[in-house]
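Numbering (the UniProt record's numbering), first residue to last: 1 to 265.
Glycine included, C-beta positions come from ideal geometry on N, C-alpha and C.
All values reported here derive from a predicted model rather than from experimental measurement.
Structure record follows, encoded as structure tokens.
This is the structure we're talking about:
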């Protein structure tokens, strides 16, 4: 379930991409400035910078749990698990890890929130399918297929656990209007480290990929774009003062360690 239009970390041949299918849902690679927290992904030129005050979440609807926000969770460490309904890796790795953190640290000052987003497969990553997931545990699409193959479903199409923390649907805005050069440049700057070092032919290929990506993008997801996320599952970690401390994509081996550090501050 690749959504990656561009992955150039390893000097991949642009004309002959040979990436295996991923259990994660992937957007272009990005990198981050260094902090005292171990970062699991590289992010640069984020809309929200590491070390800056985290903005309040903008969501379309809280599907599960009481509505809350960053400014309402003062003095708590906040973990935001960002996932898509049609994302196998989210349910094999991301959400189980978030549930584990919730169970271990919810009484010690850690707030865990789920944000269901959509940057692809807009017919599947819907609020209706999210509601089915949360109320009945039902999976769809690639999630249903992959979890079934790995024997991680019960009753044919249901996840074997309940998500215990509040979950909201990301705020989606329909894309319209022409694709501007400034928008293309913005995406390249935010997602292609060392763009100027590529050959003219590679640059043209990158620009074309960005154009195709934007043409196929029906909606923009507010949280996903605001934190310049690379894909799903992703974690957003905010400290007790409401400062963004870490953004990570995929399996996050440093998550619990980072949370312990923030709790001790």
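Cβ shell of residue i (< 7 Å), same chain only, five flanking positions each side left out
| i | result |
| --- | --- |
| residue 90 | 83, 84, 232 and 233 |
| residue 122 | 218 and 219 |
| residue 54 | 48, 70, 238, 242, 243 and 244 |
| residue 129 | 85 and 140 |
| residue 34 | Annotation note: pLDDT 34 at residue 34 (below 50); position unreliable, coordinate value reported separately. Once the five neighbours on either side are set aside, residue 34 has no close Cβ partner at all. |
Rounded Cβ spacing between residue i and residue j (contact assumed at less than 8 Å)
| i | j | result |
| --- | --- | --- |
| residue 236 | residue 63 | Wrong, their Cβ atoms sit about 18 Å apart, outside the cutoff. |
Residue of the options minimising C-alpha distance to residue i
| i | options | result |
| --- | --- | --- |
| residue 113 | 178, 228, 238 and 251 | 238 |
| residue 138 | 78, 59 and 156 | 156 |
| residue 143 | 86, 111, 130 and 177 | 86 |
| residue 250 | 202, 56, 98 and 65 | 98 |
| residue 240 | 73, 65 and 52 | 73 |
| residue 119 | 174, 109, 70 and 167 | 174 |
| residue 59 | 184, 170 and 178 | 170 |
| residue 256 | 61, 94, 57 and 56 | 94 |
| residue 167 | 253, 51 and 132 | 132 |
| residue 67 | 254, 149 and 115 | 115 |
| residue 193 | 201, 206 and 182 | 206 |
| residue 266 | 261, 198, 216 and 172 | A query on residue 266 cannot be resolved here, the shown segment of the chain reaching from 1 to 265 and no further. |
| residue 107 | 221, 70 and 78 | 78 |
| residue 186 | 211, 201 and 197 | 211 |
| residue 288 | 92, 230, 222 and 110 | Nothing can be reported for residue 288: it is not among the residues displayed for the chain, which extend from 1 to 265. |
| residue 180 | 215, 264 and 129 | 215 |
| residue 57 | 222, 76, 75 and 100 | 222 |
| residue 224 | 176, 117 and 204 | 117 |
| residue 265 | 52, 196 and 75 | 75 |
| residue 184 | 177, 208 and 201 | 208 |
| residue 213 | 200, 191, 145 and 196 | 191 |
| residue 61 | 105, 52, 127 and 196 | 127 |
Residue environment, residue i, which counts as buried when at least 16 other CB atoms sit within 10 Å
| i | result |
| --- | --- |
| residue 88 | buried |
| residue 103 | exposed |
| residue 262 | buried |
| residue 161 | exposed |
| residue 150 | exposed |
| residue 258 | buried |
6 Å Cβ shell around residue i - same chain, five flanking residues per side excluded
| i | result |
| --- | --- |
| residue 65 | 166 |
| residue 37 | For residue 37, the predicted model reports a pLDDT of 49, less than 50, meaning its position is unreliable; a value from the coordinates is still stated below. Correct list, in chain order: 245, 246 and 258. |
Own chain partners of residue i with C-beta closer than 8 Å, once the 5 adjacent residues on each side are dropped
| i | result |
| --- | --- |
| residue 136 | 158 |
| residue 134 | 63, 64, 163 and 167 |
| residue 147 | 88, 91, 92, 139, 153 and 159 |
| residue 101 | 79, 110, 112, 255, 256 and 259 |
Distance cut-off 7 Å: residue i Cβ against heavy atoms of the ligand FMN
| i | result |
| --- | --- |
| residue 179 | Of the ligands one can find in the structure shown there are none, so the ligand FMN has no counterpart to examine. |
Beta carbon proximity, residue i to chain D, threshold 8 Å
| i | result |
| --- | --- |
| residue 83 | Chain labels in this structure do not include chain D; a single protein chain is all it has. |
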